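Novice:
Protein chains: 2
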Amino acid sequence: MFSIGQIARRTGVKVPTIRYYEQMGLIEAPERSQGNQRRYSKAELEQLGFIKHARDLGLSIDAIRDLLRLNAHPEMPCAEADRIASEHLANIRERIERLQRLESELSRIVKSCNAGTVKDCYVIRALSDHSLCRDEH
Amino acid sequence: MFSIGQIARRTGVKVPTIRYYEQMGLIEAPERSQGNQRRYSKAELEQLGFIKHARDLGLSIDAIRDLLRLNAHPEMPCAEADRIASEHLANIRERIERLQRLESELSRIVKSCNAGTVKDCYVIRALSDHSLCRDEH
DNA sequence: GTAATCTCTCTAGCGGCTATAGCTTCAAGG
DNA sequence: CCTTGAAGCTATAGCCGCTAGAGAGATTAC
Ligand SMILES: [Zn+2]
Ligand SMILES: [Zn+2]
Ligand SMILES: [Zn+2]
Ligand SMILES: [Zn+2]
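Below is the structure:
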């Protein structure tokens, strides 16, 4: 049996975050000690590790809840899990593309300023006028 | 003189967002009509366009506030504006790198599942075990 | 004059935590 | 057994950048 602090240290998830996950229904309310403190089993520790890793990979709480439900039914087909992961991947790719458009626009803007006064600053001018931009964002 | 709805349509910034920007100190409280409705000048319309463009480029409210203050002092050196833009660019580059690491990890994971049952699903296994990952995230 | 459309303020909610306050419980040392 | 200090408890509020809704009043077009 582990205290909340112990599983926090072992998984790298902070104590208030663990309580938050419980509230959000990611983890079941665990057993309690006589003095009402949370006591976790090894299985619960591992589940929290799963959640941590999924969060580190950028999955949302909702997506993780669905994945945990699937994980509890090992004989079901995994198509749903694969779909969640693929959708997340597509989402990440979109974000990368958007950020790359911003990156190219911003690096052009930053390079174009020859550091004079605000009145002549290309950064300021570019912000005032989207038509100076190369593409959309 | 423009109503809030008119500048919303012209700039593409939604009405509640304009009020929010006012509350956040990005734009001054404008004149009011006899019936207490906001009335904007052309200069204020343009300033909102500046804000919209800066937001579209991903700048934070705080950064935009600073840029607007600089914009009001055309004779000052623009080093500060350039610094804000460069910092933001660096920040975007970091986010791109992080997302690219996630992308490569996730695309590997998604590709590795041969769509069987949950018990054998590589997506689920990879989430349970970070040591299956190629790099950190 | 009336109806339709804006606009007003105020409040609450989103996601994913994080921080604080004021309390209780636990574990270790004497 | 008792004390002390760390750790845990609940409840509440705050972060960012909006967005949504309620219930009221203002404006505009016909
Ligand atoms: Zn400059
Ligand atoms: Zn632009
Ligand atoms: Zn699978
Ligand atoms: Zn990993």
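Protein chains in written order, with UniProt numbering: chain A, 1 to 137; chain B, 1 to 137.
Beta carbons: idealized from backbone N, C-alpha and C, even for Gly.
Since we're looking at a predicted model, the values are computed, not measured.
Ordered along the chain, which non-local residues of its own chain (more than five positions away) have a Cβ less than 6 angstroms from that of residue 112 of chain A?
Specialist: For the purposes of this step, residue 112 of chain A is taken as residue 112 along the first sequence, with counting starting at 1. Excluding positions up to five away in sequence, the list reads 122.
Novice: Anything in chain A within Cβ reach of residue 11 of chain B, meaning under 9 angstroms, just list it in chain order.
Specialist: The residue given as residue 11 of chain B occupies position 11 in the second sequence. The premise fails here: residue 11 of chain B is roughly 11 angstroms from chain A at the closest Cβ pair, so nothing lies under 9 angstroms.
Novice: Please report the Cβ distance between residue 74 of chain A and residue 14 of chain B, rounded to the nearest whole angstrom; I am assuming they are in contact, meaning their Cβ atoms lie under 8 angstroms.
Specialist: By one-based count along the first sequence, residue 74 of chain A stands at place 74. By one-based count along the second sequence, residue 14 of chain B stands at place 14. Contact doesn't hold; Cβ gap of about 47 angstroms is too wide.
Novice: Are there any heavy atoms of ligand 2 lying less than 6 angstroms away from the beta-carbon of residue 130 of chain A, as far as the coordinates show?
Specialist: Sequence index remark: in the first sequence, residue 130 of chain A carries index 130 (1-based). Checking every heavy atom of ligand 2 against the Cβ of residue 130 of chain A, one is found closer than 6 angstroms.
Novice: Kindly provide the ranges of any alpha helix (DSSP H) runs that are 4 or more residues long and lie completely inside the UniProt domain "HTH merR-type" (1-70) of chain A, ordered along the chain.
Specialist: The UniProt domain "HTH merR-type" (1-70) of chain A contains these whole alpha helix (DSSP H) runs: 4-11, 15-23 and 42-56.
Novice: Quick test of the definition: if touching needs 3 or more C-beta pairs under 8 angstroms, does the segment 10-26 of chain B touch the segment 48-68 of chain B?
Specialist: At 8 angstroms Cβ cutoff, the stretches touch.
Novice: What does residue 119 of chain B reach in chain A if we use C-beta pairs closer than 8 angstroms?
Specialist: Counting from 1 along the second sequence, the entry for residue 119 of chain B is found at position 119. 74 and 75, listed in chain order.
Novice: Would you tell me roughly how many angstroms separate the C-alpha atoms of residue 88 of chain A and residue 116 of chain A, rounded to the nearest one?
Specialist: Taking the first sequence and counting its residues from 1, one reaches residue 88 of chain A at position 88. Taking the first sequence and counting its residues from 1, one reaches residue 116 of chain A at position 116. Cα to Cα, the separation comes out at about 44 angstroms.
Novice: For residue 133 of chain A, is the beta carbon positioned less than 6 angstroms from some heavy atom of ligand 2?
Specialist: In the first sequence, residue 133 of chain A corresponds to position 133, counting from 1. Residue 133 of chain A Cβ: within cutoff of ligand 2.
Novice: Would you call the segment 123-132 of chain B in contact with the segment 47-57 of chain A, where contact means no fewer than 3 C-beta pairs closer than 8 angstroms?
Specialist: With the cut-off at 8 angstroms, the segment 123-132 of chain B and the segment 47-57 of chain A touch.
Novice: Return the Cβ separation of residue 19 of chain B and residue 31 of chain B in integer angstroms, given the expectation that the two are a contact with Cβ distance under 8 angstroms.
Specialist: For the purposes of this step, residue 19 of chain B is taken as the residue at position 19 of the second sequence. For the purposes of this step, residue 31 of chain B is taken as the residue at position 31 of the second sequence. So it is not a contact: roughly 15 angstroms between Cβ atoms.
Novice: Compare the C-beta of residue 71 of chain A with all C-beta atoms of chain B and state if any pair is closer than 7 angstroms.
Specialist: Position 71 of the first sequence, counting from 1, holds the residue named residue 71 of chain A. It does: the Cβ of residue 71 of chain A has a partner Cβ on chain B nearer than 7 angstroms.
Novice: Report yes if the CB atom of residue 7 of chain A is closer than 7 angstroms to the CB atom of residue 67 of chain A, and no otherwise.
Specialist: For the purposes of this step, residue 7 of chain A is taken as residue 7 along the first sequence, with counting starting at 1. For the purposes of this step, residue 67 of chain A is taken as residue 67 along the first sequence, with counting starting at 1. Going by C-beta atoms, residue 7 of chain A is not nearer than 7 angstroms to residue 67 of chain A.
Novice: How long is the line joining the alpha carbons of residue 94 of chain A and residue 36 of chain A, rounded to whole angstroms?
Specialist: Sequence index remark: in the first sequence, residue 94 of chain A carries index 94 (1-based). Sequence index remark: in the first sequence, residue 36 of chain A carries index 36 (1-based). The straight-line gap from Cα to Cα measures roughly 45 angstroms.
Novice: I want to check one thing, is the minimum distance from the CB of residue 82 of chain B to the heavy atoms of ligand 1 below 6 angstroms?
Specialist: Counting from one through the second sequence, the residue named residue 82 of chain B turns up at place 82. Within the cutoff, so yes.
Novice: Beta carbon of residue 99 of chain B, beta carbon of residue 109 of chain A: below 7 angstroms?
Specialist: Taking the second sequence and counting its residues from 1, one reaches residue 99 of chain B at position 99. Taking the first sequence and counting its residues from 1, one reaches residue 109 of chain A at position 109. Taking 7 angstroms as the Cβ cut-off, residue 99 of chain B and residue 109 of chain A do not qualify as a contacting pair.
Novice: For the alpha helix (DSSP H) containing residue 106 of chain A, name the first residue and the last one.
Specialist: Counting from one through the first sequence, the residue named residue 106 of chain A turns up at place 106. It spans 79-112 - the alpha helix (DSSP H) in which residue 106 of chain A sits, taken as one unbroken run.
Novice: Measure the Cβ-Cβ separation of residue 92 of chain A and residue 102 of chain B and say whether it is below 7 angstroms.
Specialist: As a position in the first sequence, residue 92 of chain A is number 92, starting the count at 1. As a position in the second sequence, residue 102 of chain B is number 102, starting the count at 1. In contact: residue 92 of chain A and residue 102 of chain B (Cβ atoms closer than 7 angstroms).
Novice: Determine which residues of the segment 79-110 of chain A have a Cβ less than 7 angstroms from any Cβ of chain B, and write them out in chain order.
Specialist: Those would be 79, 81, 82, 85, 86, 88, 89, 92, 93, 95, 96, 99, 100, 102, 103, 105, 106, 107, 109 and 110, in chain order.
Novice: Is the distance from the Cβ of residue 70 of chain B to the Cβ of residue 81 of chain B below 7 angstroms?
Specialist: On the second sequence, position 70 is the one that residue 70 of chain B refers to. On the second sequence, position 81 is the one that residue 81 of chain B refers to. The answer is yes: Cβ separation under 7 angstroms.
Novice: Let me make sure I understand the geometry here. Which of B:55, B:134, B:104 and B:106 has the alpha-carbon closest to that of residue 11 of chain B?
Specialist: Against the second sequence, residue 11 of chain B aligns to sequence position 11. Nearest C-alpha to residue 11 of chain B: B:55.
Novice: For the alpha helix (DSSP H) containing residue 123 of chain A, name the first residue and the last one.
Specialist: Reading the first sequence from its first residue, position 123 is the one you call residue 123 of chain A. Looking at the DSSP string, the run of the alpha helix (DSSP H) that includes residue 123 of chain A is 122-128.
Novice: With distances taken from CA atoms, which of A:105, A:124 and A:114 is nearest residue 133 of chain A?
Specialist: Residue mapping note: residue 133 of chain A aligns to position 133 of the first sequence, counting from 1. Of the listed residues, the one whose Cα sits closest to residue 133 of chain A is A:105.
Novice: Excluding the 5 residues preceding and the 5 following residue 65 of chain B in the sequence, name in chain order all residues of the same chain whose CB lies nearer than 8 angstroms to its CB.
Specialist: Sequence index remark: in the second sequence, residue 65 of chain B carries index 65 (1-based). 24, 25 and 26.
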